[in-house]
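K.L.:
One structure, as structure tokens, below. Some questions next.
Here's what the structure looks like:
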């Protein structure tokens, strides 16, 4: 029997606690007339009440009351009221132990309850194994066990027995999975898997560690190493179907163990466990390498065009002086010619009066050399990069088998021919190459009069392959990012079943006709209203003059009294170390209970160690330097806590507790609407080893960087953050944080700035039930779309473009519902689908249908934006909250000049999550003490009107020591309510 703990004391208490919530009492503790009659047969009120409470406890949570147990007052009152008895009658219950035993026998006899005997224990043990195969959580399994005991009317045994049963079942489930994996392996595969722990020559690391190295800087050498890593792992011959018979939680557990355990540690494990971990880890690494190789191929092809653009820009910069001279010469010659024509003089004489003829001829020749074609010179680009294509192309095509839709068959056949050519010894392309996939813009560069331009053909082929991989028209089996779109959505059969069972988890009707009728009526009504106001120039702060539309900028409205109040509040808030602040927030929320061990699911013994590891992430200090700066843990202890307790799941659960606490604060109600949110990206430069894996956005700086994209609620709660590349747009990531967060908040309206705007986002937000309300830059340039002719609304006619394609929406309505359902239930992230839909060719029906829905919603939003100045003000206010939150995040993440050095996406995501958790903790702590400060100031006689409170923001950090040491001192002196003393005049005199 295993001797390991799988439940904390708090979890055990929660499992066996009597319910106190009104809904739970009504559900579990309502007595039927027959039960009241049975209770009435007991003599004396205290025996009746005791019998009834024992019956309720047996019903839920399924246990007997312990002798002398204190029953919650709400439970006593609820049960006693049904019996017309006083709650305090229970005080005399079971003063004789024999009475208690007699009543328990009566309960067992009347209601069929039995004790937890040895035969039942064996039956329950068999029942637990298949249940344990579907979870790795001891708490979940214990809850299911108690539920089964209640169903069987078996009184629950002691908590220690429950924990032993759960621990045994979890261990048996682990062993079952290990044997299942082992049975699918051959002896040769087992030997190959064990060799993953052997040291690879010339690297000083195990083969597994070498295969899991990050991609590094984009280039043909890095791609070659990735392909070699993939080839080595594929050589094991492990069938990916091994994972199909194992629950996803079990697979993820094995993967996390494989990524955290060293080769030395893995080699000490029992053979079955070691090989199960290595098998699943190898399969996961193959999937990751597949995505990395395709992603690097994408970046390599894109890099060719970016370098060409950069060279063109550098050429223009280098020739700027000569070009300026030619422009000035043109102006002088032009003026002379105009003057000569007006006077009827000789044009050639006019030119020679400005510049000698020979010099003029030379200047024209130089101007011809300086000119460049507006379009990309594909032939020149291909010729310049042909050597790189010949290095990258063969290894990329040899690594994968590409599949696709019928519309790309010509491209797939061309890829097969090109792979065959690369495998041979010929140096020139064969005759009869397939050209059906070549787009019109490429034909002049590829198809010359004397035949095919080989470099241009190869570049065109790889560019088309990249674009089709992005769109999902071509996919690769074994990839997660680039698999078939059909495989990423809810299966059609399941979707049909869900639709018939109804309702679907979407915010629109099941039939397109109903949706279109409702939106047509609303849109035409709003067009009529706004058009009438526009014609009379009655739109607030909006002027429409023909084709010109201008919206007056908003003016700041923060009153001086609010700024004075903020200073007064700041003056009395206690000063505190960041370590003490996190410890206090943990005391309020219990967030450290969420950082459970990967295997045992138990929190760490010392929460300060885990918090210090979180701080190392948040401040960008790193574990090594944090170990030197703190006083509670060594580097090994911090590394252990980071490796086994810090995960995205744990960060998410801890953040949810803080977010829920923030929204529950009385002061936060004044900050804004809990159902409103905004999101924005924050750029962080990369340094050291992190530079090789970063991207460059010339609009945000010249160096490599990444972006933390964060969602924040109207009450300053940052409820979601993720890492994205600075080279991709933010629009695809807008929706990810709205349905996928653990906080007790329901977002209805979401704001972004211009970077998050697209018709696809408008459409998908509406399907999911969110109102997308971005601050659209240059809104006058965004066309409106209508169901009827534009002439119906003359004042708005200059801003109306094409009509809504109702047929497109109707044809693909089920596809739209399936997409929204898949996103809502978490089958596929919204960002992945939006990126793919944005890359689709124009003829793709789903992408076009979602665009049409987005056009409807964007038009409705634009009309509201023009008509409602409060909407414009709200969007600005919410986006300002995000920008202010980013300033606080920058202040926290200040070590190493704010340059991140993480190379892997997982490490960067941990950095973002740690930073967001600490920022959320600061916001919660500030909110609590700002509320106490306001109540104190009001108690001192200050007049603080409620209408000033919305102008306060819990984002200050002047009173928080974020730098220097990270010491964990004993808790400061607290007041009678358990809070720190405010910095009142008397408190300042004593410090």
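Residue numbers (this note's numbering): 17 to 1007.
Beta carbons are placed, not taken as given, at the ideal position from N, Cα and C, and that holds for glycine.
The structure displayed is predicted, hence computed values, not measured ones.
With distances taken Cα to Cα, identify the nearest neighbour of residue 1015 among 272, 303, 900.
P.N.:
Given that the chain is displayed from residue 17 to residue 1007, the structure contains no residue 1015 and the question cannot be resolved.
K.L.:
Starting from the C-beta of residue 947, find all residues in its chain whose C-beta is less than 7 Å away, skip the five residues before and the five after it, and write them out in chain order.
P.N.:
Here residue 947 refers to the residue found at position 931 when the chain shown is read from its first residue. Cβ within range, chain order: 681, 682, 683.
K.L.:
Could you tell me if residue 18 is buried or exposed, where buried requires 16 or more neighbouring beta carbons within 10 angstroms of its beta carbon?
P.N.:
Mapped onto the chain shown, residue 18 falls at position 2. Its pLDDT being 44, under 50, residue 18 is placed unreliably by the model, and nothing is read from it.
K.L.:
Pick from 123, 231, 26: whose alpha carbon is nearest that of residue 919?
P.N.:
For the purposes of this step, residue 919 is taken as the residue at position 903 of the chain shown. Residue 231 is the option with its Cα nearest to residue 919.
K.L.:
Taking just the CA atoms, how far does residue 470 sit from residue 435?
P.N.:
Along the chain shown, read from residue 1 onward, the residue named residue 435 stands at position 419. Along the chain shown, read from residue 1 onward, the residue named residue 470 stands at position 454. Near 15 Å, if we compare the C-alpha coordinates of residue 470 and residue 435.
K.L.:
With a CB to CB cut of under 7 Å and the five nearest residues on each side skipped, what residues in its chain are close to residue 236?
P.N.:
Position 220 of the chain shown, counted from the start, is the residue given in the question as residue 236. Once the five neighbours on either side are set aside, the close Cβ partners of residue 236 are 404, 407, 408.
K.L.:
Please classify residue 724: does DSSP put it in a helix, a strand, or coil?
P.N.:
Walking along the chain shown from the start, residue 724 turns up at place 708. If DSSP states are grouped into helix, strand and coil, residue 724 belongs with the strands.
K.L.:
To the nearest angstrom, how far is it from the Cα of residue 356 to the Cα of residue 317?
P.N.:
The residue labelled residue 356 in the question sits at position 340 within the chain shown. The residue labelled residue 317 in the question sits at position 301 within the chain shown. Each residue's Cα considered, the two are about 53 Å apart.
K.L.:
Leaving out five residues on either side along the sequence, give the residues of the same chain with a beta carbon under 8 Å from the beta carbon of residue 36.
P.N.:
For the purposes of this step, residue 36 is identified with residue 20 of the chain shown, where counting begins at 1. Excluding sequence neighbours, residue 36 sits near 88, 90, 91.
K.L.:
Within 10 Å of its beta-carbon, does residue 1004 have 16 or more other beta-carbons around it, so buried, or fewer, so exposed?
P.N.:
For the purposes of this step, residue 1004 is taken as residue 988 along the chain shown, with counting starting at 1. For residue 1004, the predicted structure reports a pLDDT of 49, less than 50, and the residue's modelled location is therefore unreliable. The matter cannot be settled from this model.
K.L.:
What are the residues that DSSP puts in a beta bridge with residue 215?
P.N.:
The count along the chain shown starts at 1 and reaches residue 215 at position 199. The partner list for residue 215 (beta bridge, DSSP) reads 222.
K.L.:
Helix, strand or coil for residue 960? Go by DSSP, reduced to three states.
P.N.:
As a working note, residue 960 is residue 944 in the chain shown. In this structure, residue 960 counts as coil in the three-state DSSP scheme.
K.L.:
Taking the straight line between their C-alpha atoms, what separation do you get for residue 162 and residue 643?
P.N.:
For this step, residue 162 is matched to residue 146 along the chain shown. For this step, residue 643 is matched to residue 627 along the chain shown. C-alpha separation (whole angstroms): 43 Å.
K.L.:
Would you give the residue range spanned by the alpha helix (DSSP H) that residue 340 belongs to?
P.N.:
For the purposes of this step, residue 340 is taken as residue 324 along the chain shown, with counting starting at 1. From DSSP, the alpha helix (DSSP H) with residue 340 extends over 336–359.
K.L.:
Just the Cα atoms here: how many angstroms apart are residue 1007 and residue 624?
P.N.:
Along the chain shown, read from residue 1 onward, the residue named residue 1007 stands at position 991. Along the chain shown, read from residue 1 onward, the residue named residue 624 stands at position 608. Any reading at residue 1007 must be qualified, since the residue scores a pLDDT of 45, below 50, and its modelled position is unreliable; the value itself is stated next. For residue 1007 and residue 624, the distance between alpha carbons rounds to 26 Å.
K.L.:
Going by Cα to Cα distance, which pick from 819, 195, 72, 822 is closest to residue 34?
P.N.:
The sequence position of residue 34 within the chain shown is 18, counting from 1. It is 72.
K.L.:
Going by alpha carbons, who is nearest to residue 966 out of 988, 204, 575?
P.N.:
Residue numbering aside, residue 966 sits at position 950 when the chain shown is read from its first letter. Here the closest residue by C-alpha is 575.
K.L.:
Give a yes or no on whether 9 Å exceeds the smallest Cβ distance from residue 811 to chain D.
P.N.:
The structure shown contains no chain D; it holds only a single protein chain.
K.L.:
Taking the alpha carbon of residue 170 as the point to measure from, which residue in 188, 127, 187, 204 has its own alpha carbon closest?
P.N.:
The count along the chain shown starts at 1 and reaches residue 170 at position 154. Checked all of 188, 127, 187, 204; the closest Cα to residue 170 is 127.
K.L.:
If you measure between the beta carbons of residue 246 and residue 309, is that distance less than 9 Å?
P.N.:
Stepping through the chain shown from its first residue, residue 246 is reached at position 230. Stepping through the chain shown from its first residue, residue 309 is reached at position 293. The answer is yes: Cβ separation under 9 Å.
K.L.:
In whole angstroms, give me the CA-to-CA distance for residue 216 and residue 287.
P.N.:
Taking the chain shown and counting its residues from 1, the one referred to as residue 216 is at position 200. Taking the chain shown and counting its residues from 1, the one referred to as residue 287 is at position 271. Distance between the alpha carbons of residue 216 and residue 287: 21 Å.
K.L.:
Do residue 722 and residue 739 have their C-beta atoms within less than 9 Å of each other?
P.N.:
By one-based count along the chain shown, residue 722 stands at place 706. By one-based count along the chain shown, residue 739 stands at place 723. Yes.
K.L.:
In the DSSP assignment, what residue or residues form a beta bridge with residue 696?
P.N.:
Your numbering for residue 696 matches position 680 in the chain shown. BP columns for residue 696 point to 726.
K.L.:
Using only CA atoms, which one of 489, 484, 451, 483 lies nearest to residue 472?
P.N.:
The residue given as residue 472 occupies position 456 in the chain shown. With distances taken between Cα atoms, residue 472 lies closest to 451.
K.L.:
If we ignore side chains and look at the alpha-carbon of each, how far apart do residue 775 and residue 901 end up?
P.N.:
Position 759 of the chain shown holds residue 775. Position 885 of the chain shown holds residue 901. Roughly 28 Å between the two C-alpha positions.
K.L.:
With C-beta atoms as the reference, is residue 767 less than 9 Å away from residue 693?
P.N.:
Here residue 767 corresponds to residue number 751 of the chain shown, with the count starting at 1. Here residue 693 corresponds to residue number 677 of the chain shown, with the count starting at 1. The answer is yes: Cβ separation under 9 Å.
K.L.:
By the DSSP assignment, the beta strand (DSSP E) with residue 419 in it spans what residues?
P.N.:
As a position in the chain shown, residue 419 is number 403, starting the count at 1. First-last of the beta strand (DSSP E) with residue 419: 418–420.
K.L.:
With burial defined as no fewer than 16 other Cβ atoms inside 10 Å of the residue's Cβ, what is the status of residue 828: buried or exposed?
P.N.:
To locate residue 828, count along the chain shown from 1; it is residue 812. Result: buried.
K.L.:
Can you have a look at residue 841 and say buried or exposed, based on whether 16 or more other CB atoms are within 10 angstroms of its CB?
P.N.:
Your numbering for residue 841 matches position 825 in the chain shown. Exposed.
K.L.:
Going by beta-carbon coordinates alone, are residue 431 and residue 481 separated by less than 9 Å?
P.N.:
Taking the first residue of the chain shown as position 1, residue 431 is located at position 415. Taking the first residue of the chain shown as position 1, residue 481 is located at position 465. In contact: residue 431 and residue 481 (Cβ atoms closer than 9 Å).
K.L.:
Can you tell me the Cα-Cα spacing of residue 610 and residue 926, whole angstroms?
P.N.:
Sequence index remark: in the chain shown, residue 610 carries index 594 (1-based). Sequence index remark: in the chain shown, residue 926 carries index 910 (1-based). Rounded to the nearest angstrom, the two C-alpha atoms are 15 Å apart.
K.L.:
For residue 222, does the count of other Cβ atoms within 10 angstroms reach 16, so buried, or fall short, so exposed?
P.N.:
Taking the chain shown and counting its residues from 1, one reaches residue 222 at position 206. Buried: at least 16 other Cβ atoms inside 10 Å.
K.L.:
Residue 93: buried (16+ other C-beta within 10 angstroms of its C-beta) or exposed?
P.N.:
As a first step, residue 93 must be located in the chain shown, where it is residue number 77. Exposed, by the Cβ-count rule.
K.L.:
Starting from residue 27, follow its DSSP beta bridges and name the residues at the other end.
P.N.:
In the chain shown, the residue the question calls residue 27 occupies position 11. None, per the DSSP bridge assignment.
K.L.:
Residue 490 and residue 428 - do their beta-carbons sit closer together than 9 Å?
P.N.:
Taking the first residue of the chain shown as 1, we reach residue 428 at position 412. Taking the first residue of the chain shown as 1, we reach residue 490 at position 474. The answer is yes: Cβ separation under 9 Å.
K.L.:
Smallest Cα separation from residue 697: which of 725, 166, 874?
P.N.:
As a first step, residue 697 must be located in the chain shown, where it is residue number 681. Here the closest residue by C-alpha is 725.
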